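Sequential numbering of the first sequence, starting at 1, is according to the UniProt record's numbering.
Cβ atoms here follow ideal geometry from the backbone N, Cα and C, with glycine treated the same way.
Treat the numbers as computed from the prediction; the structure is a model and nothing was measured.
To keep things clear, I will list the structure first and then write my remarks on it.
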Amino acid sequence: MQYWLMKSEPDVFSIDDLKARPGKTEHWDGVRNFQARNFMQAMRRGDLAFFYHSSCPEPGVAGVVEIVREAYPDFSAWDPKSAYRDARSRPDKPVWYMVDVRYKRKLKRLVPLAELRENRALARMRLLARGNRLSIMPVTPEEWKAILEMELS
DNA sequence: GCCAACGTTGGC
DNA sequence: GCCAACGTTGGC
């Protein structure tokens, strides 16, 4: 079992949007970065991920989701109406992949990025590394635990 | 294979 | 809106 963090802009898709979804499940499309894609392909059913809100007034960890379907081709890449369209990826030769996630819960409060930066237990967390732009990344069990503790403080 | 130019991410 | 940092592209 592995832990992950997945970024989403809440204006586009928030933890509340996921919660409101039929079956509380959604496919995580639109990842167009190779490193992030590779991490998604390493995800396994049952893995847990933090749902992180980015590019918004208060960025931070908003909730927990479960991976319920492992990587499969991201069909938005060949949807002419999609903003994520990428002609390099085709049904017979997909380049981009997505997973399905299911809502588990919202944290009791949003744990803001600013607080994560203050927690010495997270000093080496990938999310906090200088210039980090990855939208999908692994989280260590220690980091996972530390963030869940912050939820209650 | 190098690397400059460009586009994007994302915090502030 | 600004800008630092990074990934990608494309000329050579």
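Taken in chain order, the whole beta strand (DSSP E) runs of length 3 or more contained in the UniProt domain "EVE" (2 to 150) are 3 to 8, 25 to 27, 48 to 53, 60 to 73, 97 to 112, 136 to 139. Annotation for Glu151: Leu107, Lys108, Arg109, Val111 place their beta carbon closer than 7 Å to its own, counting only its chain and skipping 5 residues before and after. Ser8 is classed as buried because its beta carbon has at least 16 other beta carbons within 10 Å across all chains shown. About 6 Å separates the beta carbon of Arg102 from that of Val65, a gap short enough to meet the 8 Å contact definition. Nearest to Asp16 by alpha-carbon distance, out of Ser55, Lys104, Arg117, Glu149, is Lys104. Each of Ala114, Leu116, Val95, Ala123 was checked against the Cα of Arg37, and the nearest Cα belongs to Val95.
When C-beta atoms of the segment 71 to 84 are compared with those of the segment 45 to 53, fewer than three pairs fall below 8 Å, so the two segments do not count as touching. C-alpha of Glu70 to C-alpha of Gln35: approximately 16 Å in a straight line. Our two residues, Gly131 and Val139, have alpha carbons roughly 17 Å apart in a direct line. Taking a 10 Å sphere around the C-beta of Ser135, we find 16 or more other C-beta atoms and assign the residue as buried.
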